[in-house]
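*Asks:* Protein chains in written order, with my numbering: chain A, 28 to 402; chain B, 6 to 574. Even glycine gets a Cβ: it sits at the ideal position worked out from N, Cα and C. As the structure is a computational prediction, the values presented were derived from the model and not from experiment.
(1) Would residue 32 of chain B be called buried (16 or more neighbouring beta carbons within 10 Å of its own) or exposed?
(2) Would you say residue 181 of chain B lies against chain D (beta-carbon separation less than 8 Å)?
(3) Using a Cβ-Cβ cut-off of 8 Å (strictly less than) and excluding sequence neighbours within five positions of residue 125 of chain B, which residues of its own chain qualify?
(4) Please state whether the Cβ-Cβ distance between residue 282 of chain A and residue 336 of chain A is less than 8 Å.
(5) Identify every residue that forms a DSSP beta bridge with residue 369 of chain A.
(6) Any beta carbon from chain B within less than 8 Å of residue 56 of chain A's own beta carbon?
(7) Scan the region 393-413 of chain B for residues whose Cβ lies nearer than 8 Å to a Cβ of chain A and list them as they occur along the chain.
(8) Should residue 259 of chain B go down as buried or exposed, given a rule of 16 or more other Cβ atoms within 10 Å for buried?
(9) Mind checking if residue 317 of chain A is an interface residue toward chain B, Cβ cutoff 8 Å exclusive?
(10) Do the region 111-123 of chain B and the region 46-63 of chain B meet, that is, are 3 or more Cβ pairs less than 8 Å apart?
(11) Could you please tell me which residues of the region 273-287 of chain A, in chain order, have their CB closer than 8 Å to any CB of chain B?
(12) May I have the straight-line CA-CA distance separating residue 8 of chain B from residue 392 of chain B, to the nearest angstrom?
(13) Taking the straight line between their C-alpha atoms, what separation do you get for residue 15 of chain B and residue 28 of chain B?
(14) Does DSSP classify residue 245 of chain A as helix, strand or coil?
(15) Taking Cβ positions only, does residue 263 of chain B come closer than 8 Å to chain A?
(16) Does the region 319-329 of chain A touch the region 297-306 of chain B, meaning 3 or more C-beta pairs lie closer than 8 Å?
(17) Which whole-angstrom value describes the C-beta separation of residue 37 of chain B and residue 251 of chain B, a residue pair presumed to lie in contact below a C-beta threshold of 8 Å?
(18) For residue 274 of chain B, tell me which candidate among B:21, B:438, B:112 and B:525 has the shortest Cα-Cα distance.
(19) Is the Cβ of residue 241 of chain A closer than 8 Å to any Cβ of chain B?
(20) Which value, in whole angstroms, describes the spacing of the CA atoms of residue 58 of chain A and residue 78 of chain A?
(21) Does residue 509 of chain B get closer than 8 Å to chain A when you measure Cβ to Cβ?
(22) For residue 167 of chain A and chain B, any beta-carbon pair shorter than 8 Å?
(23) Is the shortest distance between the beta-carbon of residue 330 of chain A and the beta-carbons of chain B less than 8 Å?
(24) Would you tell me roughly how many angstroms separate the C-alpha atoms of residue 264 of chain A and residue 316 of chain B, rounded to the nearest one?
(25) Only counting the same chain, and skipping five residues up and downstream in sequence, which positions put a Cβ closer than 6 Å to that of residue 260 of chain A?
(26) Between which two residues does the beta strand (DSSP E) containing residue 316 of chain A stretch?
(27) DSSP three-state call for residue 355 of chain A: helix, strand or coil?
(28) Smallest Cα separation from residue 87 of chain A: which of A:128, A:160 and A:292?
(29) Between the region 223-254 of chain A and chain B, which residues of the former have CB atoms less than 8 Å from a CB of the latter, in chain order?
(30) Please report how far the alpha carbon of residue 382 of chain A lies from the alpha carbon of residue 364 of chain A, in whole angstroms.
(31) Among A:334, A:339 and A:342, which has the Cα closest to the Cα of residue 351 of chain A?
(32) Report the neighbours of residue 236 of chain B on chain A: residues whose CB is nearer than 8 Å to its CB, in chain order.
(33) Determine the contact status of residue 575 of chain B and residue 384 of chain B, defining contact as a CB-CB distance below 8 Å.
(34) Do three or more CB pairs link the region 128-148 of chain A to the region 99-117 of chain A at distances below 8 Å?
(35) For residue 215 of chain B, I'd like the list of residues in its chain whose CB is within less than 8 Å of its CB, leaving aside the five on either flank, ordered along the chain.
(36) Compute the distance between the beta-carbons of residue 192 of chain B and residue 182 of chain B, then report whether it is under 8 Å.
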């Protein structure tokens with residue numbers, strides 16, 4: 028490359044007819060003869076004889092040859108290192124099995140490390156190459172205004188107008204308007220076919236599967252609970268309706284929490300002072316929806332001393348003793364209270380569905396949804 | 006004949022015979038790329054996207070986007086016998102049964118974080134340097150669009166494994182959709198194919214995540230790069246750099262090599278992070294169930310600002326005519342996002358309208374030289390930052406050992422006060438830095454040499470700012486003031502506003518604020534040399550727009566030294 032000035036590159040690479048118009052100094056090339064670039068080398072550059080070649084923009088030699096010598100060795104060493112790392116990567120892939128946490132950890136470490144080194148070494152090598160082997164240059168390129176020139180614009184304007192006139196789009200309103208009229212229903216059609224992406228909501232958000240007499244089972248083990256099992260006020264327990272294990276569509280709305288209080292701790296619902304509906308409790312056990320009325324996270328944190336229920340997502344805080352009234356946070360209404368009782372065997376049951384919709388607000392919720400337990 | 010010549014004469018000629026590329030390739034190869042560290046930010050975004058495509062393709066070879074309930078019996082024994090979706094089980098398989106699968110998963114996740122972060126920092130760089138100005142407004146709008154697409158893509162991507170954390174994220178998405186007035190319930194039912202969670206959301210998010218959004222991003226990235234290439238990159242101010250040139254190194258071989266190396270660096274950093282920093286360990290979170298949640302649930306960082314908005318907003322809602330307006334949900338979910346997207350997208354046009362500056366700009370502003378724009382940008386950053394911090398308020402409360410509610414209360418005030426404070430503080434800092442620049446131009450650079458005069462007085466010797474430093478300090482985009490008089494040279498000045506219209510008056514008022522700047526010393530090129538240390542009477546304290554009668558300060562005291570105009574140039 029050292030003997031080739033940059034001026035050779037554009038015209039010499041190919042000998043097309045068009046080239047000759049733009050580069051008249053390039054001699055005509057007869058099919059079958061060597062391309063011009065070769066001719067220069069063999070016979071001497073005709074241009075060089077006529078006038079001195081333009082000064083090259085990029086020097087062929089590094090700015091600091093001594094530094095370049097060191098850099099070349101260093102970059103080469105890094106490239107070799109990268110090759111070794113890639114081989115190590117393949118070896119680690121072949122040699123290290125996975126199928127357990129420990130084995131995966133080892134495999135991940137070996138593969139990741141060898142991969143990182145393979146990339147890093149090439150990258151570092153190239154940077155050293157560019158900075159120390161390649162001569163330091165700074166070129167200045169002209170920048171022209173982006174706008175076309177006035178004649179160019181005029182020419183385009185004429186072309187555009189000619190085309191528009193030839194098409195008759197301006198002169199023939201019937202064509203234009205009917206085409207626009209045709210495109211409107213055509214644009215609506217794709218929206219229509221999205222209709223079957225889901226069923227209409229109907230009243231489905233207003234109900235859960237809870238029914239009168241349905242037993243409450245502990246979420247997970249699915250064992251029923253007796254009111255008598257609670258001897259002391261205690262933790263919050265997550266319960267589900269009996270008979271829907273692993274049914275996420277059901278559980279996503281029906282999951283419920285029950286909390287046992289000491290006698291007298293629950294603050295009853297009174298006119299003008301919302302609270303817990305005592306008729307819906309059994310032995311000071313109260314049940315609330317676990318689905319936050321903000322955006323539906325499970326309200327999973329319970330602080331026994333303050334009887335605060337906290338949603339870990341956005342920190343809506345509810346007072347479990349007082350009908351799950353909102354104490355803080357973005358939730359707009361209490362957690363709905365589930366009416367509960369006991370069946371003949373003493374197991375906890377629901378005595379009806381939730382009286383108000385559970386979960387986040389939605390357009391059709393309406394004012395009745397905000398009454399909390401008080402119906 | 007050298008090997009390179011042979012290559013060009015052989016292969017090169019073969020292609021050129023068919024494509025006629027020699028002329029244009031010559032131009033492309035010599036295309037000059039300006040250099041600045043901040044120009045690498047956009048490249049990080051580009052290359053992390055490439056990494057995402059590569060690793061993402063690998064993951065699709067093994068991932069099952071299915072919500073079918075199965076019982077797991079795989080290598081991760083703690084979850085043996087547990088019900089889970091096929092999506093979650095296949096993610097476990099990728100992690101523990103596919104060699105390199107965990108690494109690929111982690112690189113994919115880390116690259117996603119790097120991708121969105123790089124987009125955001127790149128966007129800020131473009132904003133603060135004014136690189137969005139004419140002729141680059143279109144590329145700016147494309148960039149803002151890509152930011153929105155990128156974090157949506159991230160949200161859908163991390164929701165795919167159907168683990169407890171991401172399932173909770175989807176539940177929140179459902180709650181937010183439900184809260185949208187009028188159409189919310191329908192939107193939610195159509196997206197989820199019925200009630201939450203249903204069996205369709207993972208396959209639907211999957212095709213959006215692997216085809217739709219990446220396709221859009223790819224198209225927009227292509228447009229972004231083509232426009233950048235066509236319009237040529239901006240450059241930072243410096244000696245010899247003007248709005249009519251580009252100074253830097255050529256594409257071939259310099260930029261090509263450097264940018265290739267940069268791709269490998271970005272890949273290596275993602276790989277290193279994935280080797281040593283565990284991310285999204287879904288096997289610890291467990292499969293999704295609607296009853297479970299872990300404390301300290303946080304989305305990936307780029308969704309944090311929306312999470313914070315949801316946490317911060319009070320529980321306001323209306324019931325009107327039997328319908329529920331869930332202001333507590335749709336306002337925080339949509340309004341801050343809307344403010345940020347709209348504000349960013351329209352800013353170039355608003356700024357152009359206020360300044361009346363219709364010129365092309367190719368030399369970037371130093372942020373200090375556009376004090377009001379920088380201040381507005383910092384106000385925006387503060388707005389975003391407070392939302393983002395509030396998105397982790399439980400972690401912060403725990404860390405600082407303060408009440409959770411206090412953090413939210415603070416955020417509720419800070420979201421209004423913070424941006425205002427940031428605006429004024431930033432503006433003061435910018436004006437202060439401008440004063441410093443003016444000082445250096447007027448009095449020169451301190452050399453640290455103390456000289457005693459015959460009178461016994463000590464002075465510090467200064468050296469006139471010269472060369473690149475002077476060029477950088479003097480690089481200012483002097484903004485026309487509205488109303489401006491049509492200039493004698495016939496250049497297009499901003500049209501005088503209809504002086505009495507409300508809009509016109511607003512524009513003039515905004516123009517006064519936006520053009521606020523410390524004027525450069527008159528007679529640029531004065532470099533007061535060594536040996537004046539006394540009586541700097543003309544400290545340029547006045548702000549140009551603050552006092553219409555104020556004359557731009559003269560070149561400062563001229564008694565101290567000889568005028569060394571152009572010294573060191």
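*Replies:* On the basis of the data shown:
(1) exposed
(2) The structure shown contains no chain D; its protein chains are A and B.
(3) 152 and 307
(4) no
(5) A:375
(6) With a pLDDT of 43 at residue 56 of chain A, under the threshold of 50, the predicted position of this residue should be treated as unreliable, and no value is reported.
(7) Here the close residues are 398, 399, 409, 410 and 413.
(8) buried
(9) yes
(10) Flag = yes, the region 111-123 of chain B and the region 46-63 of chain B touch.
(11) 273, 275, 276, 278, 279, 280 and 282
(12) Spanning the two alpha carbons is a distance of roughly 59 Å.
(13) 17 Å
(14) strand
(15) yes
(16) yes
(17) 5 Å
(18) B:112
(19) no
(20) Since pLDDT at residue 58 of chain A reaches only 48, below the 50 mark, its modelled position is unreliable, and the value read off the structure follows with that caveat. Cα to Cα, residue 58 of chain A sits roughly 27 Å from residue 78 of chain A.
(21) no
(22) yes
(23) no
(24) 26 Å
(25) The answer, listed in chain order, is 287, 288 and 289.
(26) 312-316
(27) strand
(28) A:160
(29) Interface annotation for the region 223-254 of chain A against chain B: 224, 225, 226, 227, 228, 231, 232 and 246, criterion Cβ-Cβ distance under 8 Å.
(30) 8 Å
(31) A:334
(32) Neighbours of residue 236 of chain B on chain A, chain order: 173.
(33) Residue numbering for chain B in the displayed model covers 6 to 574; residue 575 of chain B lies beyond these limits and cannot be assessed.
(34) The region 128-148 of chain A makes contact with the region 99-117 of chain A; the number of CB pairs closer than 8 Å reaches 3 or more.
(35) Beyond the five residues adjoining it in sequence on each side, residue 215 of chain B comes within less than 8 Å, by CB distance, of 61 and 65 in the same chain, given in chain order.
(36) yes
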